[in-house]
Amino acid sequence: MKPMVISLSALCITVSCSAQIAATVLLQGVVLDAETRKGITSNLTLYDQRGTKVNETRSNASENGAYQVIVKPGGRYVVELRAEGYMTTRDTVTVPPATRYTELSRDFTLRAKNAGQRVVVSIPLFEGDKATFRVGAEEELARYAELLSLNPDVKLGIECYPDHEDTRERMAELARKRAEAIRAFLSARGIAASRLSIIATSTTDPYNPPPRKLRPKGRFYTGGTYFVIEPMK
C-alpha cells in the first residue's frame, strides 16, 4: 500500500502543477498622471525575475489609461512603464498561484517631466534636528536612485527644511547638511553629482509647516524633503 500512497501523492502534485501551468492571469488596470490623475498612453513591458522579457502592452489615454496583459500565475514581475513626456518608471507586481483563469488589478502612476514640479518625499528621512538618516530612509532614497538611473536626462534640485524655528543661520545649515547627505547617497548609487543641485533654504517648511499644537505622544514632526525637477536642456 505504501508505494501506492506515494504514487497518488506524486500524481496530485503533477496535476496541480499542470493546472497552474495551463492557467492564465489577466493583469489589468489604468496608468495615470501622478498629478492630474488622468489616464495616459504608455508602453508597459514585463520582465520575469531573471530579467527576461515576457510580455508587453499599451495603455490607452482615450480609455482613461486602461491596459490589459496576460501573465503566468505564481510569479513576480517587473513592469517598466514608458510614456512621452513622463519619467520612465519600474514597479513590481506579485501574481499569486492560480489553477484557473484569474483577473488581477493593478494601477500605476507616472510623473511628468515638468520643470519646477516639486516631488514630495513621502516619509521622514532624518532624525530630529539632525542630518542623519532614519531607519527606512535609504530604502526610500534607493527608489529615487533607480528613477534617476532610468531617466538620465532628468536633473533634480534637493530641497530640505529644518524641524523647527531657529536662527536663520542654523536653519540654513541643517537644511544644507540634509541636502548634502541625500546628494552623497545618490552619488554613491551611481548618479552624477552634476545632476543633483542643492536648493538653499533658511526657513521652516512653507508647504507643510510645523504644527502649532502639541502632537500626540510618540509622533514627531520632521521638516519636509522635496525633489524639484530642473529645466530640460
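Take any residue in the sequence shown, note its place counting from 1, add 23, and you have its number in this note's numbering.
Using N, Cα and C, we set each Cβ at its ideal position, and we do this for glycine too.
On a predicted model such as this, the values are computed, not experimentally measured, just so you know.
Taking the alpha carbon of residue i as the point to measure from, which residue in the options has its own alpha carbon closest?
i, options, result
"Glu86", "Glu58, Leu104 and Gly52", "Gly52"
"Tyr184", "Tyr230, Arg212 and Arg73", "Tyr230"
"Glu161", "Ala204, Ser172 and Ala215", "Ala204"
"Ile214", "Glu150, Asp152, Val118 and Ala168", "Ala168"
"Asp71", "Pro96, Ala84 and Lys61", "Pro96"
"Lys200", "Thr47, Ile93, Gly246 and Glu103", "Gly246"
"Thr224", "Glu150, Glu182, Val251 and Met110", "Glu182"
"Val77", "Leu197, Val102, Tyr124 and Ala154", "Val102"
"Thr227", "Ile146, Glu192, Arg99 and Arg123", "Glu192"
"Leu127", "Asp152, Gln91 and Arg105", "Gln91"
Going by DSSP, what residue range makes up the alpha helix (DSSP H) through residue i?
i, result
"Ala202", "Arg191 to Ala211"
"Ala165", "Ala160 to Leu173"
Quick check on the burial criterion: 16 or more other C-beta atoms within 10 angstroms. Buried or exposed for residue i?
i, result
"Lys178", "buried"
"Val144", "buried"
"Phe243", "exposed"
"Cys40", "Confidence in Cys40 is poor, its pLDDT being 44 and thus under 50, which makes the residue's placement unreliable; the coordinate value appears in the next sentence. Under this definition Cys40 is an exposed residue."
"Met255", "exposed"
"Asp130", "exposed"
"Asp176", "exposed"
Give the C-beta separation of residue i and residue j to the nearest angstrom, bearing in mind that I take them to be a contact with Cβ-Cβ under 8 angstroms.
i, j, result
"Leu55", "Gly88", "5 angstroms"
"Ile63", "Leu133", "6 angstroms"
"Leu173", "Thr112", "7 angstroms"
For residue i, list the residues DSSP reports as bridge partners.
i, result
"Thr125", "Val48"
"Arg73", "In DSSP, Arg73 forms no bridge with anything."
Name the two residues that bound the continuous beta strand (DSSP E) containing residue i.
i, result
"Thr117", "Thr112 to Val118"
"Gly98", "Gly98 to Arg105"
Establish whether the CB of residue i and some CB of chain D are separated by less than 7 angstroms.
i, result
"Phe250", "Here chain D cannot be found, since the structure has a single protein chain."
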